[in-house]
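Enquirer: Numbering (our numbering), first residue to last: 13 to 288.
#1: Spatial neighbours of residue 107 within its chain, please: C-beta separation below 6 Å, excluding the five flanking residues on both sides.
#2: Using DSSP's beta-bridge definition, name the partner residues of residue 54.
#3: Would a C-beta distance cut-off of 8 Å place residue 237 and residue 271 closer than the cut-off?
#4: Report the option in 284, 135, 95, 255 whose CA atom is closest to the CA atom of residue 221.
#5: Is it right to say residue 64 is buried, meaning 16 or more other beta carbons lie within 10 angstroms of its own, or is it exposed?
#6: So, does the stretch 130-149 touch the stretch 209-225, judging by three or more C-beta pairs under 8 Å?
#7: Use the C-beta contact count for residue 29: other C-beta atoms within 10 angstroms, 16 or more gives buried, fewer gives exposed.
#8: Would you call the stretch 188-198 and the stretch 147-161 touching, i.e. three or more CB-CB distances under 8 Å?
#9: I want to know whether the stretch 100-119 touches the stretch 66-82 - three or more CB-CB distances under 8 Å.
#10: Pop quiz: residue 84 and residue 113 are said to be a contact at Cβ under 8 Å. What is the actual Cβ separation, rounded to whole angstroms?
#11: According to DSSP, what are the bridge partners of residue 81?
#12: When you compare each of 122, 92, 135 to residue 282 by their alpha carbons, which one comes out closest?
#13: Work out the CA separation of residue 24 and residue 268 for me, nearest whole Å.
#14: Please state whether the Cβ-Cβ distance between residue 230 and residue 184 is less than 8 Å.
#15: Quick one: residues in its chain with C-beta nearer than 7 Å to the C-beta of residue 153, no 5 flanking neighbours on either side, listed in chain order?
#16: DSSP on residue 126, reduced to helix/strand/coil?
#17: The beta strand (DSSP E) with residue 272 in it runs from where to where?
#18: Roughly how many angstroms separate the alpha carbons of residue 284 and residue 248, rounded to a whole number?
#19: Can you tell which of 265, 119, 244, 92 has its C-alpha closest to the C-alpha of residue 275?
#20: Would you list the residues sitting across from residue 248 in a DSSP beta bridge?
#21: If you measure between the beta carbons of residue 69 and residue 104, is that distance less than 8 Å?
#22: Quick check: what's the CA-CA separation for residue 188 versus residue 51?
#23: Just checking my contact of residue 76 with residue 36 at CB under 8 Å: how many whole Å lie between their CB atoms?
#24: Whole beta strand (DSSP E) runs in the stretch 141-198 with 3 or more residues, listed along the chain?
#25: On the three-state DSSP scale, how would you describe residue 5?
Shown next as C-alpha cells:
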C-alpha cells in the first residue's frame with residue numbers, strides 16, 4: 013500500500029492547502045515523487061521520531077496539515093507520549109502514517125512489527141484509526157483524513173485482493189454473503205480466508221471494519237449474527253485492545269440472543285523465533 017499512499021499524496025497535493033510531509037529518514041524507492049511534488053514542504057526529520065511528532069503538532073497548531081510517516085512501531089509506539097500530549101490532547105489534525113502494521117516487515121523481526129498499534133492508538137483522545145483492506149482503499153482513506161480536522165492514524169500493509177466486487181471504502185463493508193459463520197475482520201489479513209476450501213469459503217458471511225473507534229454495528233450485520241449465532245473475528249494484532257475488544261461491548265449490549273464468539277489474533281512469537 014505504500015506506493016498507493018505516495019500516489020494519493022501527490023494526486024491530492026493541490027486539493028488541500030498547507031500540507032507538509034515529515035519522514036523519519038525512510039521512503040527510499042517510494043517517496044521520491046512525494047519529495048518532488050512537496051518541495052520544501054517535504055522534511056526529513058531524521059531518526060528522531062519523538063521530535064518529528066512534536067514538530068508536526070507545532071505545524072498543525074499553525075494551520076498546516078502535517079503527515080508524519082515511518083515504519084509503524086517507530087511512528088506510534090516510540091513517540092507515544094508526544095502523540096498523547098502534543099497532538100491528541102490538543103486535538104490537532106496530525107496525520108500519522110505507519111507502514112507495515114502487524115507482521116508487515118516480515119524477517120526484520122519484532123522491533124519492526126507492530127501488534128499493538130490499533131489498541132494503543134484508538135485509546136488516545138480524538139484519534140481515528142484507519143485500516144485499509146484493498147489497494148484502492150488507500151486513496152479514499154487519504155481523502156477522508158485530509159477532510160478530517162482531528163488526528164488520524166493510517167495503518168498500511170500488503171493489500172488483500174478478492175474476486176468479489178467490494179463496496180467503496182467505508183467504516184463497515186460487507187465483503188460477501190453466506191449462510192454460515194459470520195466473520196468480521198480488519199485489514200488485509202481478511203484475504204487469508206481465500207486459502208480456505210471453496211465450499212467452506214462460500215458459506216462465510218464476511219464483513220470488514222476499517223475505521224476505529226467503533227460507533228455502531230450495521231443492522232444487516234446484527235441480523236446475520238442473530239441468524240447463525242456464531243461470530244469469528246480476525247485481526248493481525250494482539251487480542252487485547254484491537255478488533256476483538258472494540259466489538260465485544262456491542263455484541264453484548266445490542267444482540268437479543270446469545271452467540272458463540274471466537275477471536276483469531278496474533279499471538280506474538282510463541283516459539284521465541286520469527287522468520288518467513
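All C-beta atoms, glycine included, are put in the ideal place defined by N, C-alpha and C.
Expert: Let me spell this out:
#1: 79, 157, 164
#2: Bridge partners of residue 54 according to DSSP: 33.
#3: yes
#4: 255
#5: It is buried - the Cβ of residue 64 has at least 16 other Cβ atoms within 10 Å.
#6: The stretch 130-149 makes contact with the stretch 209-225; the number of CB pairs closer than 8 Å reaches 3 or more.
#7: By the neighbour-count definition (other C-beta atoms within 10 Å, threshold 16), residue 29 is an exposed residue.
#8: A contact between stretches requires three or more CB pairs, one per stretch, nearer than 8 Å, and the stretch 188-198 fails this requirement with the stretch 147-161.
#9: Contact between the stretch 100-119 and the stretch 66-82 is present: 3 or more CB-CB pairs across the two stretches fall below 8 Å.
#10: 5 Å
#11: 35, 109, per the DSSP bridge assignment.
#12: 122
#13: 45 Å
#14: yes
#15: 142, 144, 166, 181
#16: Correct three-state label for residue 126: strand.
#17: That run of the beta strand (DSSP E) goes 272-276.
#18: Looking at the backbone, the Cα of residue 284 and that of residue 248 are separated by about 18 Å.
#19: 244
#20: Paired residue(s): none; residue 248 is not in a bridge.
#21: Against a cut-off of 8 Å, the Cβ pair of residue 104 and residue 69 comes out as a contact.
#22: Approximately 43 Å, taken between the alpha carbons.
#23: Wrong, their Cβ atoms sit about 18 Å apart, outside the cutoff.
#24: 164-168, 184-188, 194-198
#25: Because residue 5 is not part of the residues shown, which for the chain are 13 to 288, the question remains open.
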